[in-house]
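Okay, here's the thing in structure tokens:
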């Protein structure tokens, strides 16, 4: 018996030292240098609800990516038919996201052959022959559609990660969730509005020619003529340029170039009047294309469109080589910087929509921690005092176990890099209230056995032995519901489930096995003639 | 110190008809309330946006409404939040046409114009799209149901080994019925005080399921022990003895949990208050249901068999 006590005492001492080392970093401001080399340095991670920050769930509009792909194929098909000199009367995308192509009946078989060879991803849904020719309905292959959707989400995730990295957030979490959602967590972000702006922008940059053959006013009134579209820009109005005015532009619908060729984007300070601008540096392919476009359209106006908003539409003075272009607009330094970040990180393959947002300001988090600690101290003290009042010596033993319980619980949280949230903090407080249950069961049992006439020694042994099944049962059921909670919960709730489940394990450890050491020691030392309970 | 004197013999099972009638009526009332008045769903489940604002000066609810009215958010609900004099408010925006994520900026702008730029602080924003809300709602309901059934199955299997499958099943059934009772009573209390149902409430309900079944387990454990000790005793007496013998433990354990919950409720802050409230109600109900519901169910079932 004596040896058993010593062995267990050593085990618990080792555990206690380990626990102290694990929670040390959390409670010490600066770690001494010898510590970092040898010992754990992780602090308990605080959830977004305690340290402040933003939790966002973005839904990638994957169907839009599919639509864009079909648009692109349609244009490629148009080009191919032109090259092969196949006449066609109609080529368009219909409501059901299919390409409708009408060719003279004589060319039907040839077109089918071409499609099979050049567009293996398109399947022929139906073909109908009438006097006008053969009408073919083409749809994207199901497999290809799935791949496109998948790619759109993965690509969006990469782009968003790039943007956040450049925006500068420490320890962001960016994960794919399910079919088409992306989870973004930005701890401690000071300006959530700006972060959302940067993340959520599609950032599709397009260069389009201004249509100068029709009048803008008329197009606004009667609708844009075929092959053109109306987009708006914002111009400074009035003194100081604070207010803005919406200005319509009539553009050719055809996109000459997109932002995919951008190698780098930088903010350049402008002259005093114009404010800063963003300079784009194109890769070699982009530089060649841009040179060709500008050469072919000298004296025309080239609109720079970002997410369907016209930033500027300067007149092309001459052919522009060297692969540099610039976007001017009425932005301040911050807006220009954000724009450069977005352009550098690239466009999203499909628009994203924020479907869930939870943002907590840093001050609320601080208040929550303070209130959590106060209720922990007050609630814990009440329980400790009550146990001493009710069970006297045995109550004190239980109280010591509770203190160690909390120590181990915090150490495990730190060691497993678990996240402590506000409900998690409540879970720790609750654990203190529930942990004494094990000792209540044991103590009640000991009292009963004493009343039954057993010696203190036999009563303690019987008490521990008979209470154990009930203690295990009741902790297992709570643990099971904690597991379900973990499965179900989102961030903060998961934190509660984690605290609850870890708390149960540490409770059994301290409440049952640790307190037993004390009684076994007294038994071994033959000092258990009387027991305070 | 002793709350329950040794040798206390309260004939709990005598009151079973009264208790079951009372509880059935209460539960039916909760269900009626649930389906007529309906729960006050938070943004987690209903979708929409909640903004928690703290002002530097005293501000009245009509003033806030006025400032919001100009922004065109549609229907808004403004509620006082936190302690008196903390000038904290909860603004709930219903189905808005404004995109999630753009709301904070709108409110910031509107309040800056009305109250001054640094006179307020947006402490929390929660926005949930309608699709996500529906998904969370369904998952919440299912997780509570799954947990309840799981507890029943655990007890069935656990006591099935020592009592035989039939008896184990009755114990499990008793536990499930008393858990349903506890969950319903908690929901009823939340409906009465008009707290919002959100994710933390589901967490509370799951915790209640996990905690309240403990008492049932402890009593069943004791019933098993007493049946072995005294095989001739009729079941009703065994059940009564067992409840009485464990009564002290039941009261103390729930009592200490309630001590910390009261501390959390009073001092833990507005965000955690509904959570603490739900646990307080559910844990208290758990004591009652173990004594007056779970054990009588076992008894009724056994008698019905004969």
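Chains as they are written, first to last, in the working numbering: chain V, 533 to 1065; chain R, 5 to 310. No residue lacks a Cβ here, since even glycine has one placed at the ideal position from N, Cα and C.
*What are the residues of the segment 878-890 of chain V that lie near chain R, defined by any Cβ-Cβ distance shorter than 8 Å?*
885, 886, 887, 888, 889, 890
*Going by beta carbon distance, what residues of the same chain come within less than 7 Å of residue 1025(V), once the five residues before and after it are set aside?*
Position 493 of the first chain, counting from 1, holds the residue named residue 1025(V). Within the same chain, residue 1025(V) has close Cβ partners 955, 1017.
*By the criterion of Cβ-Cβ separation under 7 Å, what are the contact partners of residue 1010(V) in chain R?*
Locating residue 1010(V) in the first chain gives position 478, counting from the first residue. Listed along the chain, the chain R residues whose CB falls inside 7 Å of the CB of residue 1010(V) are 214, 215, 218.
*Does the beta carbon of residue 983(V) come closer than 8 Å to any beta carbon on chain R?*
Mapped onto the first chain, residue 983(V) falls at position 451. Yes, its Cβ sits closer than 8 Å to a Cβ of chain R.
*Pull out every residue of the segment 819-836 of chain V whose Cβ sits closer than 8 Å to any Cβ of chain R, in chain order.*
none
*asked:* Below 8 Å, how does it come out for the segment 218-229 of chain R and the segment 245-260 of chain R: are there three or more Cβ pairs, yes or no?
replied: yes
*For residue 282(R) versus residue 152(R), is the C-beta spacing smaller than 8 Å?*
By 1-based counting over the second chain, the position of residue 282(R) is 278. By 1-based counting over the second chain, the position of residue 152(R) is 148. Cβ atoms of residue 282(R) and residue 152(R): not closer than 8 Å.
*residue 753(V) lies in the alpha helix (DSSP H); which residues open and close that run?*
As a working note, residue 753(V) is residue 221 in the first chain. Residues 748-754.
_Where residue 752(V) falls, given that 16 or more other Cβ within 10 Å makes a residue buried_ = Numbered from its first residue, the first chain carries residue 752(V) at position 220. Exposed.
_Interface partners of residue 41(R) on chain V, CB under 7 Å_ = Numbered from 1 along the second chain, position 37 holds the residue referred to as residue 41(R). Chain V residues near residue 41(R): none, gap ~26 Å exceeds 7 Å.
*Distance, residue 611(V) Cα to residue 620(V) Cα*: Looking up residue 620(V) in the first chain gives position 88. Looking up residue 611(V) in the first chain gives position 79. Taking the straight line joining both Cα atoms gives about 12 Å.
*DSSP state of residue 238(R) mapped onto helix, strand, coil*: For the purposes of this step, residue 238(R) is identified with residue 234 of the second chain, where counting begins at 1. In this structure, residue 238(R) counts as coil in the three-state DSSP scheme.
*Contact check, residue 1034(V) vs residue 945(V) under 8 Å by CB: the rounded distance?*
By one-based count along the first chain, residue 1034(V) stands at place 502. By one-based count along the first chain, residue 945(V) stands at place 413. Residue 1034(V) to residue 945(V), Cβ: 7 Å. Contact.
*For residue 930(V), which residues of its own chain have a beta-carbon under 6 Å away from its beta-carbon, when the five flanking residues on both sides are left out?*
Taking the first residue of the first chain as 1, we reach residue 930(V) at position 398. Within the same chain, residue 930(V) has close Cβ partners 919, 968, 971.
_Interfacial residues, the segment 962-976 of chain V to chain R, with Cβ spacing under 8 Å_ = 962, 964, 965, 966, 968, 969, 972, 973, 976
*What residues are listed by DSSP as bridge partners for residue 761(V)?*
As a first step, residue 761(V) must be located in the first chain, where it is residue number 229. Residue 761(V) is bridged to 783(V).
*asked:* Please give me, in chain order, every unbroken run of the beta strand (DSSP E) with length at least 3 that falls completely inside the segment 578-609 of chain V.
replied: With a minimum length of 3 residues, the continuous beta strand (DSSP E) runs that stay inside the segment 578-609 of chain V are 585-592.
*asked:* Between the segment 872-890 of chain V and the segment 816-830 of chain V, can you find at least three pairs of beta-carbon atoms closer than 8 Å?
replied: no
*Hey, how far is the Cα of residue 772(V) from the Cα of residue 862(V)?*
Position 240 of the first chain holds residue 772(V). Position 330 of the first chain holds residue 862(V). Unreliable positioning characterises residue 772(V) in this predicted model, as indicated by a pLDDT of 48, which lies under 50. The coordinate reading is nonetheless provided below. Whole-angstrom Cα-Cα distance: 11 Å.
_Cβ pair residue 780(V), residue 794(V) closer than 8 Å_ = Residue mapping note: residue 780(V) aligns to position 248 of the first chain, counting from 1. Residue mapping note: residue 794(V) aligns to position 262 of the first chain, counting from 1. No, the Cβ-Cβ distance between residue 780(V) and residue 794(V) is not below 8 Å.
_Sufficient close CB pairs (3 or more, under 8 Å) joining the segment 290-308 of chain R to the segment 23-39 of chain R_ = Taking a contact to require three or more Cβ pairs closer than 8 Å, the segment 290-308 of chain R and the segment 23-39 of chain R qualify as touching.
_At the level of alpha carbons, what is the spacing between residue 691(V) and residue 589(V)?_
Numbered from 1 along the first chain, position 159 holds the residue referred to as residue 691(V). Numbered from 1 along the first chain, position 57 holds the residue referred to as residue 589(V). Cα to Cα, the separation comes out at about 15 Å.
*Between the segment 60-74 of chain R and chain V, which residues of the former have a C-beta closer than 8 Å to a C-beta of the latter?*
none
*Where does residue 243(R) land, buried or exposed, given buried means 16+ other C-beta within 10 angstroms?*
Here residue 243(R) corresponds to residue number 239 of the second chain, with the count starting at 1. The residue is buried, with at least 16 neighbouring Cβ atoms inside 10 Å.
_Quick check: the segment 62-80 of chain R against the segment 89-98 of chain R, are at least 3 beta-carbon pairs closer than 8 Å?_
yes
*asked:* Along the segment 697-723 of chain V, where does the CB come closer than 7 Å to a CB of chain R? Name the residues.
replied: none
*Note down, in chain order, every chain R residue with its Cβ under 9 Å from the Cβ of residue 500(V).*
Outside the displayed range of chain V (533 to 1065) lies residue 500(V), so it cannot be described from this structure.
_Quick check: residue 669(V) and residue 657(V), are their CB atoms within less than 8 Å of each other?_
Translated into positions along the first chain, residue 669(V) becomes position 137. Translated into positions along the first chain, residue 657(V) becomes position 125. Taking 8 Å as the Cβ cut-off, residue 669(V) and residue 657(V) qualify as a contacting pair.
*How about residue 582(V) and residue 952(V): are their beta carbons less than 8 Å apart?*
Counted from its first residue, the first chain places residue 582(V) at position 50. Counted from its first residue, the first chain places residue 952(V) at position 420. Yes.
*Given a threshold of 16 other Cβ atoms within 10 Å of its Cβ, counted over all protein chains shown, does residue 740(V) qualify as buried or as exposed?*
As a first step, residue 740(V) is located in the first chain; it is residue number 208 there, counting from the start. Looking at its Cβ environment, which holds 16 or more other Cβ atoms inside 10 Å, residue 740(V) is buried.
*Taking DSSP as the reference, what is the three-state secondary structure of residue 1061(V)?*
Here residue 1061(V) is taken as the residue at index 529 of the first chain, counted from 1. Coil at residue 1061(V), not helix or strand.
*Find the residues of chain V that neighbour residue 177(R), judging by a C-beta separation of less than 8 Å, and give them in chain order.*
Locating residue 177(R) in the second chain gives position 173, where the first residue counts as 1. Near residue 177(R) there are no residues of chain V at all, since even the closest Cβ is about 16 Å away, more than 8 Å.
*Looking at residue 273(R) and residue 34(R), is the spacing between their C-beta atoms short of 8 Å?*
What you label residue 34(R) is simply residue 30 of the second chain in a count that begins at 1. What you label residue 273(R) is simply residue 269 of the second chain in a count that begins at 1. No, these two residues do not count as a Cβ contact at 8 Å.
*Have a look at residue 814(V) and residue 859(V) and give me their C-alpha separation to the nearest angstrom.*
Within the first chain, numbered from 1, the residue matching residue 814(V) stands at position 282. Within the first chain, numbered from 1, the residue matching residue 859(V) stands at position 327. Their backbone Cα atoms lie some 13 Å apart in a straight line.
*Mind listing, in chain order, the continuous beta strand (DSSP E) runs of no fewer than 3 residues lying wholly within the segment 56-141 of chain R?*
80-85, 92-97, 124-132
_Is there a Cβ of chain R sitting closer than 8 Å to that of residue 895(V), yes or no?_
The sequence position of residue 895(V) within the first chain is 363, counting from 1. So yes, residue 895(V) belongs to the interface.
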